[in-house]
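2 protein chains.
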Amino acid sequence: MTQKAVIISCGDELTNGATIDTNSAFLSRRLRELGVAVIRHVTVGDDLERLALAIAAAADEASIVILTGGLGPTLDDVSRQALAAAMGNLPLVEDAHSLERISRFFVKINRPMTPSNRTQALLPAGAEALDNDWGTAPGIAAQVKNARVFVLPGPPHEMTPMFERLVAPRLGGGGAIAYRTLHCFGQGESAIGEQLADLMHRDQAIRVGTTASGGIISVRIAAGGADDAQAAASAQAVADDVRRRLGDLIFGQEGQSLSAVVGGLLRQADQRLAVAESCTGGLVGQLITAVAGASDYFLGGVISYADQLKGKLLGVTEEMLSRHGAVSQPVATAMAEGAAKLTGADWALAVTGIAGPGGGSEEKPVGLVYIALAGPAGTSAWRYVFPGDRDMVRLRCALSAINHLRLALLAEAHKSG
Amino acid sequence: MTQKAVIISCGDELTNGATIDTNSAFLSRRLRELGVAVIRHVTVGDDLERLALAIAAAADEASIVILTGGLGPTLDDVSRQALAAAMGNLPLVEDAHSLERISRFFVKINRPMTPSNRTQALLPAGAEALDNDWGTAPGIAAQVKNARVFVLPGPPHEMTPMFERLVAPRLGGGGAIAYRTLHCFGQGESAIGEQLADLMHRDQAIRVGTTASGGIISVRIAAGGADDAQAAASAQAVADDVRRRLGDLIFGQEGQSLSAVVGGLLRQADQRLAVAESCTGGLVGQLITAVAGASDYFLGGVISYADQLKGKLLGVTEEMLSRHGAVSQPVATAMAEGAAKLTGADWALAVTGIAGPGGGSEEKPVGLVYIALAGPAGTSAWRYVFPGDRDMVRLRCALSAINHLRLALLAEAHKSG
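Residue numbers (my numbering), protein chains in the order written: chain A, 13 to 429; chain B, 13 to 429.
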């Protein structure tokens, strides 16, 4: 029989509308993939009594309850107390293991631990601490009536890895499910969805879905089987099929970032990269260096936000600027070639564009971007008009630049391979 | 007395995680502005019985219930039936006015009306139709026990104008709530919480809470009052108190970003900024240029990830590097001064550090960062050891750098003011 779950979110910032709850959608998707049916989401403010009632009501209806939020160190964080109340007014006791982990965390960051942080080591009697490697507050696993209740911190960068590592493995049962995730860049979600339409409407044993986040489209495959080996073989067969259909659109898998993949290709080719950024203001460099070990292949570059720096450091001439404008293919090309020359890099990526909301014209609208790539075989340039707001234009621009480098590196490897 | 509301969202696409619910946050924000306290959000799938129970439970606790979704023409849309059930198993009756509006809509778009669209004119006996000028499904207003229940279509482009035109005007009266949010940087949530502990002790008339996101701590204040003016005065008094206690830790309010505040100060002083980034790889520039209009005060700078660029572009000497190492105060200072000289900026921020996870030593651990700021009155430098993973170290580092610039700009303004 399918297990049922209720997801509870806690926080005044949710009930007053300051924050949109994304945790519930994430957990719902993951629970569905794990074969668990989510019957309800409930959101309450930082209110001990209401939260305790919500936990108790959820435990009456579902066998799994996941609560996010309310584990911070301040007085408005009431999830520990509410869980203890729902467990039958159990006392909170200090968990020595958690206290030691929290203390060590503060030693490591060389800051005094405040008394309020000590409250984060409190657990309802008989509950289990879930180690948090991404923040101070441990999670909690407990039993309320017939339901297993998991309490996780609210910040998504703590909640999601804790769910994957500590909660998801406990929710299986009844056969095996294997997962594959493939990441794509270069087409929209609907275009990719159309190429996979028959796979996405197949059956319950193999589920294929797409999600879009920050310009990256991920194809998620979940395949059931009698055991792990069978489920894995089934998931792999579908993944292979998806790879055949989407080809170069797929840049990586299982959480790999575009920057990490490009970094791997640069390292393999023993080549160095530099950047020259205008409208992205440092975003390309920031994405490239988000990968540990980027110093093996990334030299750095120039943020030439003001035109004077495009001239002084990159060799863009006054004449180019006045004739074509800063947002133009000749300027992008000169920026890339100038960055390669300045740094001695094998590859140089340049971007110049109009991120908006102001600064657009009929001829050069907001979203217009030129990307240039100088490399061993010469310089190429591309023109785009990206939709969306300033953040979106800048992100699309940076990711497109990095993706062009990926395709160029693949082509080079193919030539020499 | 403040009115209480429960918001219900209905749809399998929400409970299976395919769609993130944004309606609840919108409605919460608007209700808050109308002086209504939202005590809970509930999301259920397309399930008649569960939805009817959710409506009935909400009507027990709140005087206002807003339900979105489930008004479509297909069989899985069950909001009409669920409302009728919650009203005491009332029958559904066809509303002639709504049927005529729906028929006219199809004539207007020159398409035949299907029988299933006719079901959209059904209402629980005694309920009132809310005209929908943005789609086919009328909304519904009804009484369930002592609560007023409003049912609106799920698509935000229909829901939001219908709420504004048909629901909001009916919700006034009965006290008001005013809100203030103050954003802090420079101390952890627990340290800030301790300075506000007495304010954060639960009091129903004035609530003070903290949330942490990406290194920024936000203090949220909600104050009730007999009317808007009284609530606003009360919220302002608490905000003033929080400002007195936290002083310079507070950089902004009501959603302002640190970069936007610093940008405003630079613009006010008519001064220019440049950056020299090592471990952050462009993140400082990216944050500064996330603000539209940053070209008024941001020139750009150098991403000197490789040591050779620190030398070539910023004047960091071989001797400095070999004697102190790239992650050192003398190098940070030289980078800042070099960037100011290279670009002609009034202010230059430099960062150099060990973002990890590799590259640390006993003497220079992962998280060690030097920040330097060259300005009109000379160059200052700071040493930090930041906790957390690579992303967190880089973000803290970039925000701390920008915050030092903020404090320096404030000090300059104070001197000359």
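For glycine and all other residues, C-beta sits at the position ideal for the given N, C-alpha and C.
- Neighbours of Glu112 (chain B) in chain A, taken as residues whose beta carbon is under 9 Å from its own, are absent, since the nearest beta carbon is some 36 Å off.
- At a cut-off of 9 Å between beta-carbon atoms, Ile383 (chain A) makes no contact with chain B.
- In terms of Cβ geometry, Gln93 (chain A) and Ala68 (chain A) do not form a close pair [threshold 9 Å].
- At a cut-off of 9 Å between beta carbons, Arg62 (chain A) contacts chain B.
- Counting C-beta atoms within 10 angstroms of its own C-beta, Arg256 (chain B) has fewer than 16 neighbours from the protein chains shown and is therefore classed as exposed.
- Excluding the 5 residues flanking it on each side, Ala188 (chain A) has same chain C-beta neighbours closer than 6 Å at Gly237, Asp239, Asp240, Ala243, in chain order.
- Against chain B, the beta carbon of Pro150 (chain A) has no neighbour under 8 Å; the closest one sits roughly 15 Å away.
- Chain order gives the chain A residues near Met212 (chain B) as Thr86, Leu87, Asp88, where near means a beta carbon separation below 8 Å.
- Along the stretch 170 to 199 of chain A, none of the residues has a CB nearer than 7 Å to a CB of chain B.
- Distance check between Tyr396 (chain B) and each of A:Gly400, A:Lys120, A:Ile414 places A:Lys120 closest, using alpha-carbon atoms only.
- Assignment of Lys324 (chain B) by DSSP, reduced to helix, strand and coil, places it in the helix class.
- Neighbours of Gly370 (chain A) in chain B, taken as residues at a C-beta separation under 9 Å, are given in chain order as Ala304, Gly305.
- Non-local beta-carbon contacts of Thr391 (chain B) in its own chain, meaning distances under 8 Å to residues more than five positions away in sequence, involve Thr345, Ala348, Glu349, Ala384, Leu385 in chain order.
- In this chain, the beta strand (DSSP E) harbouring Phe162 (chain B) covers 159 to 164.
- Per DSSP, Cys291 (chain B) is not a residue of any alpha helix (DSSP H), being assigned neither H nor E.
- Residue range 48 to 56 is occupied by the beta strand (DSSP E) that includes Thr55 (chain B).
- Annotated three-state conformation of Phe310 (chain A) is strand, per DSSP.
- Neighbours of Ala413 (chain B) across chain A, judged by C-beta separation under 8 Å, do not exist; the nearest C-beta is about 12 Å away.
- Shown here, Glu140 (chain A) sits in a strand according to DSSP, grouped into three states.
- In the structure shown, Thr131 (chain B) falls within a helical segment according to DSSP collapsed to helix, strand and coil.
- Looking at the DSSP output, Gln15 (chain A) sits in a beta bridge with A:Val48.
- The C-alpha of Thr364 (chain A) is placed about 13 Å away from the C-alpha of Thr301 (chain B).
- About 6 Å separates the beta carbon of Gln265 (chain A) from that of Thr193 (chain A), a gap short enough to meet the 8 Å contact definition.
- For Tyr396 (chain A), no chain B residue has a Cβ inside 7 Å of its Cβ, as the nearest lies near 18 Å away.
- For Phe263 (chain B), there are no C-beta contacts with chain A under 9 Å, since the nearest C-beta of that chain is about 18 Å from it.
- Look at Ser21 (chain B) here: in three-state DSSP terms it is strand.
- At the C-beta level, Val254 (chain B) and Ile229 (chain B) stay beyond 9 Å of one another.
- Taking a Cβ-Cβ cut-off of 8 Å, Phe118 (chain B) has no neighbours in chain A, whose nearest Cβ is about 27 Å from it.
- Within chain B, the residues placing a beta-carbon under 7 Å from that of Ile32 (chain A) are Ile32, Thr34, Ala37, ordered along the chain.
- In terms of Cβ geometry, Ser202 (chain B) and Ser128 (chain A) form a close pair [threshold 9 Å].
- Boundaries for Ser225 (chain A): no alpha helix (DSSP H) harbours it, while the beta strand (DSSP E) harbouring it runs 218 to 225, taken from the DSSP string.
- Classified as exposed, Gln280 (chain A) has fewer than 16 neighbouring CB atoms from the shown chains inside 10 Å of its CB.
- Where Gln265 (chain A) is concerned, the enclosing beta strand (DSSP E) starts and stops at 262 to 265.
- Note on geometry: alpha-carbon atoms of Ser40 (chain B) and Ile20 (chain B) lie some 11 Å from one another.
- Thr86 (chain A) is not a Cβ neighbour of Cys22 (chain A), given a cutoff of 9 Å.
- The residue from A:Arg418, A:Glu45, A:Thr131, A:Asn144 with its alpha-carbon nearest to that of Gln283 (chain A) is A:Arg418.
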